[in-house]
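Chains A and B supply the protein sequences, listed in that same order.
Letter 125 of the first sequence, counting from 1, is numbered 125 in this note's numbering, and no numbers are missing.
Take any residue in the second sequence, count from 1 to its spot, add 274: that is its number in this note's numbering.
The beta carbon of each residue, even a glycine, is placed where N, CA and C say it ideally should be.
Please read the structure below before turning to the comments.
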Amino acid sequence: MNWWSRPASDTQITHGGRLWLYTLAAIIMLLLVIPTLIVVPMSFSDSQYLEFPPSNWSLRWYEEYLGTAKWIRATATSVQVGLLTMLVATPLGVMAAYALFVSRHRATKAIFLLLITPMIVPVILIAIGTFYAYGRVGMNNTITGLVLAHSALALPIAIIVVTAGLRSYDLSQEQVARSLGANRIKAFFLITLPQIRFSVITAALLSFLTSFDEVIIAIFVSGGANATLTKHMFAALRDYIDPTIAAISTIMVILSSVLLLLTQFLGSKRGGNR
Amino acid sequence: MAGAAPLHEAALQRQHRREQWSILSLVVPAMIVIILIILIPLSWLFYLSFLGDDGGFSLENYHKMTQYKSYYRIFVTTFQVSILTTLACIALGYPLAFFLAQLPPKWAGIFMLAVLLPFWTSLLVRTYAWLVLLQKRGILNEFAVQIGLWETPIKLVHNMTGTLIGMAHIMLPFLVLPLYNAMRKIDGDLMHAAANLGASPVHAFWRVYFPLSLPGMVAGALIVFVLCLGFYVTPAVLGGGRVIMVSNHITAILENQFDWGAASALGVVLLVATTFTLYLAARFFRFDAVLFGRD
């Protein structure tokens with residue numbers, strides 16, 4: 001019996017009878033992937049008009065990017081804000097996730113709901129809200145202000161990822177450590193943290209990416225010397241099609257692809273650890 | 275001796291309670307960030323939305339919304355874009371999720387990268403890619419003209435068409451991921467049973483599989499719908515000023531008139547619509563399953 005006539009599902013459908021589904025799924029997957037990756041070949045085009053396939057290959061848009069002080073400064077800002085957001089959101093997220101997971105207090109559910117509000121509230125509201133509040137305290141266009149706002153966005157994601165890690169871990173190991181004389185803090189750092197480390201790393205990577213890719217809050221509360229890469233990109237997109245964006249986009253696609261593959265790898269490790 | 279036991283118990287209980295509090299205190303830093311960045315600014319906007327020109331309490335900002343035709347158009351556009359995007363995501367996402375759910379887990383993991391890669395890629399980058407793909411001299415137009423689909427390049431971007439295409443692409447993973455999770459949980463034996471009892475594959479699908487996948491589909495659709503309501507970047511870039519959704523108008527009010535009251539009031543309406551939709555979702559599904567389909 002060849003693959004074609006073998007049963008494909010729990011009913012009597014064969015792979016041959018499923019061909020339409022495979023074709024359709026393939027088309028949809030191509031529709032998802034091609035527009036995501038198309039910027040890569042386009043960024044190596046020599047032309048102003050971003051033809052595809054490029055008639056002449058060149059690195060001129062990368063030179064343009066690397067040679068423009070505005071882009072370099074914005075990139076430095078975005079990386080700095082992303083790293084700081086990671087450093088704020090990850091420990092705070094781990095602490096909150098641990099507390100909500102271990103505690104039997106009545107209030108945990110309400111606290112959890114409070115902590116995930118940044119996922120529910122439309123970002124435009126967070127943007128204009130912080131813009132207004134920062135205006136009152138002089139925090140607009142500051143790195144601190146942007147890091148705090150991005151941390152609020154990243155916190156729910158970090159909490160959810162770490163909670164998922166805690167769920168797949170047997171907390172009684174920590175109790176054993178404590179019954180053997182370790183205090184709670186020691187038991188956490190020596191026993192629990194090493195076992196949920198892949199979730200913690202994933203949370204950190206996601207926090208960085210959340211900040212690095214964020215547009216709307218950055219448009220409002222970042223500016224001047226502290227404007228982010230996304231803010232400049234958005235401004236450039238509204239006015240004209242600048243091929244330099246293709247080069248920057250390519251770098252961003254590579255960055256998120258690497259981070260995605262890293263978390264997939266960590267995820268499979270986490271699964272194997274159990 | 276008998277009198278010592280309750281005392282001991284009380285002490286233990288006190289200690290237990292103290293420990294519960296000390297554990298719970300670990301959430302305080304996270305709560306402070308959320309309160310400072312989300313709750314206080316939101317309450318401030320809420321307050322501003324009820325402030326009249328004379329500085330007293332007034333409903334004029336809300337009253338304006340029912341008065342002006344421009345507001346009406348913005349609400350219609352927002353709902354139109356959100357509903358059409360959601361429908362497009364269902365039409366494309368259901369077959370894809372079904373395909374993935376039927377694969378052995380190892381293969382599903384590999385093909386799933388096709389969904390996760392765009393999910394992880396910056397929304398701005400994908401919006402930009404569509405801007406380039408759909409432009410007059412873009413690939414899509416050239417290809418369509420070459421194969422004779424249409425004769426001269428047509429306008430695919432800086433309008434509603436471009437916005438919808440871009441938004442459907444950006445939102446599709448948000449539908450596929452929860453739907454896929456729901457489909458994975460469907461017990462394959464049920465389909466066996468249906469087949470054994472004489473149902474044709476098509477019949478078994480519609481009578482057994484589809485109803486069981488429905489909660490996952492509705493959950494995904496609601497997430498997509500809610501996210502669409504608050505969209506800003508894609509309509510701003512791909513709509514070319516012709517597709518004005520609520521978020522775009524909030525920005526425009528602030529940029530042009532600096533009218534915080536009107537902008538806040540519109541924001542409050544958006545928040546209420548969003549919360550209401552999610553509240554509905556929470557009533558029908560486990561809240562965390564709806565929100566965290568990602569995992």
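Using the beta-carbon of each residue, which ones in chain A are nearer than 8 Å to Y402 of chain B?
Working through the second sequence from its first residue, we reach residue 402 of chain B at position 128. Correct list: V39, M233, L237, I245, A246 and S249.
Would you call the CB atoms of T117 of chain A and I312 of chain B closer than 8 Å?
Along the first sequence, one-based indexing puts residue 117 of chain A at 117. Along the second sequence, one-based indexing puts residue 312 of chain B at 38. Cβ atoms of T117 of chain A and I312 of chain B: closer than 8 Å.
Between B:G490, B:L407 and B:L503, which has its C-alpha nearest P53 of chain A's C-alpha?
To locate residue 53 of chain A, count along the first sequence from 1; it is residue 53. It is B:L407.
Would the beta-carbon of L370 of chain B fall within 8 Å of that of A8 of chain A?
Within the second sequence, the letter at position 96 stands for residue 370 of chain B. Within the first sequence, the letter at position 8 stands for residue 8 of chain A. Contact: no.
Would you please verify whether the beta carbon of L565 of chain B is less than 8 Å from any beta carbon of chain A?
Indexing the second sequence from 1 puts residue 565 of chain B at position 291. Low per-residue confidence applies at L565 of chain B: pLDDT is 46, beneath 50, and the placement is therefore not dependable, though the value from the model is reported in the following sentence. Judged by the 8 Å Cβ criterion, L565 of chain B is in contact with chain A.
Rounded to the nearest angstrom, how far is the Cβ of A304 of chain B from that of G93 of chain A, given a contact under 8 Å?
Position 30 of the second sequence, counting from 1, holds the residue named residue 304 of chain B. Position 93 of the first sequence, counting from 1, holds the residue named residue 93 of chain A. Contact flag correct, Cβ pair sits at about 7 Å.
Reference T108 of chain A; option with closest CA among B:D328, B:W295, B:T395 and B:S317
As a first step, residue 108 of chain A is located in the first sequence; it is residue number 108 there, counting from the start. The option with the nearest alpha carbon to T108 of chain A is B:W295.
Integer-rounded CB distance, given that A536 of chain B should sit under 8 Å from N335 of chain B
Here the question's residue 335 of chain B lines up with position 61 in the second sequence. Here the question's residue 536 of chain B lines up with position 262 in the second sequence. That belief holds up - the Cβ atoms of N335 of chain B and A536 of chain B are roughly 5 Å apart, short of 8 Å.
Report the residues of the segment 426-454 of chain B with a CB closer than 7 Å to any CB of chain A, ordered along the chain.
H443 and L446
Can you list, in chain order, the residues of its chain whose CB lies under 6 Å from that of G514 of chain B, leaving out five sequence neighbours each side?
Residue mapping note: residue 514 of chain B aligns to position 240 of the second sequence, counting from 1. Contacts found: H432.
Quick one: is R104 of chain A near chain B, going by C-beta distance under 8 Å?
On the first sequence, position 104 is the one that residue 104 of chain A refers to. At least one chain B Cβ lies under 8 Å of R104 of chain A.
Candidates B:I439, B:I413 and B:G440, of which the one nearest P427 of chain B by Cα:
Here residue 427 of chain B corresponds to residue number 153 of the second sequence, with the count starting at 1. Of the listed residues, the one whose Cα sits closest to P427 of chain B is B:I413.
Since I believe W534 of chain B is in contact with Y132 of chain A (beta carbons under 8 Å), could you give me their beta-carbon distance rounded to a whole number of angstroms?
Within the first sequence, the letter at position 132 stands for residue 132 of chain A. Within the second sequence, the letter at position 260 stands for residue 534 of chain B. Indeed, because the Cβ distance is near 7 Å, the residues count as touching under 8 Å.
Considering only C-alpha positions, which residue in the set A:L205, A:G224, A:Y169 and A:P122 is nearest to P194 of chain A?
The residue labelled residue 194 of chain A in the question sits at position 194 within the first sequence. Nearest of A:L205, A:G224, A:Y169 and A:P122 to P194 of chain A, Cα basis: A:Y169.
What are the residues that DSSP puts in a beta bridge with S45 of chain A?
For the purposes of this step, residue 45 of chain A is identified with residue 45 of the first sequence, where counting begins at 1. Answer is A:W57, bridged to S45 of chain A.
Label E219 of chain B either buried or exposed according to how many other C-beta atoms from any shown protein chain fall within 10 Å of its C-beta, with 16 as the threshold for buried.
Past the boundaries of the shown model lies residue 219 of chain B; chain B is included only from 275 to 569, so the question cannot be answered.
Please name the residue in A:L21, A:G145 and A:V121 whose C-alpha comes closest to that of P156 of chain A.
For the purposes of this step, residue 156 of chain A is identified with residue 156 of the first sequence, where counting begins at 1. Selected option, being the one with the closest Cα: A:V121.
Taking the CB atoms as reference points, tell me whether G367 of chain B and V450 of chain B lie closer together than 8 Å.
Numbered from 1 along the second sequence, position 93 holds the residue referred to as residue 367 of chain B. Numbered from 1 along the second sequence, position 176 holds the residue referred to as residue 450 of chain B. A contact, by the Cβ cut-off of 8 Å.
Measuring CB to CB, does K231 of chain A end up less than 8 Å from A218 of chain A?
Counting from 1 along the first sequence, the entry for residue 231 of chain A is found at position 231. Counting from 1 along the first sequence, the entry for residue 218 of chain A is found at position 218. Yes. Within cutoff.
Listed in chain order, which residues of the segment 294-307 of chain B have Cβ atoms closer than 7 Å to some Cβ of chain A?
Q294, I297, L298, L300, V301, P303, A304, M305 and V307
Any beta carbon from chain B within less than 8 Å of T117 of chain A's own beta carbon?
Sequence index remark: in the first sequence, residue 117 of chain A carries index 117 (1-based). Closer than 8 Å to some Cβ of chain B, the Cβ of T117 of chain A qualifies, so yes.
By Cβ distance, which residues of its chain are closer than 6 Å to L100 of chain A, with the 5 residues on each side in sequence left out?
For the purposes of this step, residue 100 of chain A is taken as residue 100 along the first sequence, with counting starting at 1. Closer than 6 Å at Cβ, skipping near neighbours: T108 and F112.
Going by beta carbon distance, what residues of the same chain come within less than 7 Å of D463 of chain B, once the five residues before and after it are set aside?
Here residue 463 of chain B refers to the residue found at position 189 when the second sequence is read from its first residue. Around D463 of chain B: no qualifying Cβ.
Complete alpha helix (DSSP H) runs within the segment 108-179 of chain A (minimum length 4 residues, chain order)
108-115, 117-120, 123-137, 143-167 and 172-179
Residues near V511 of chain B in its chain [Cβ-Cβ closer than 7 Å; skip 5 each side]:
Working through the second sequence from its first residue, we reach residue 511 of chain B at position 237. The residues are T401 and L405.
Taking the C-alpha atoms as reference points, what is the distance between A388 of chain B and L37 of chain A?
Counted from its first residue, the second sequence places residue 388 of chain B at position 114. Counted from its first residue, the first sequence places residue 37 of chain A at position 37. Looking at the two C-alpha atoms, the distance is approximately 11 Å.
Length of the line joining the Cα atoms of V337 of chain B and L229 of chain A:
In the second sequence, residue 337 of chain B corresponds to position 63, counting from 1. In the first sequence, residue 229 of chain A corresponds to position 229, counting from 1. Per the sequence presented here, residue 337 of chain B reads as His, with Val not at that position. When rounded, the distance between both Cα atoms is 39 Å.
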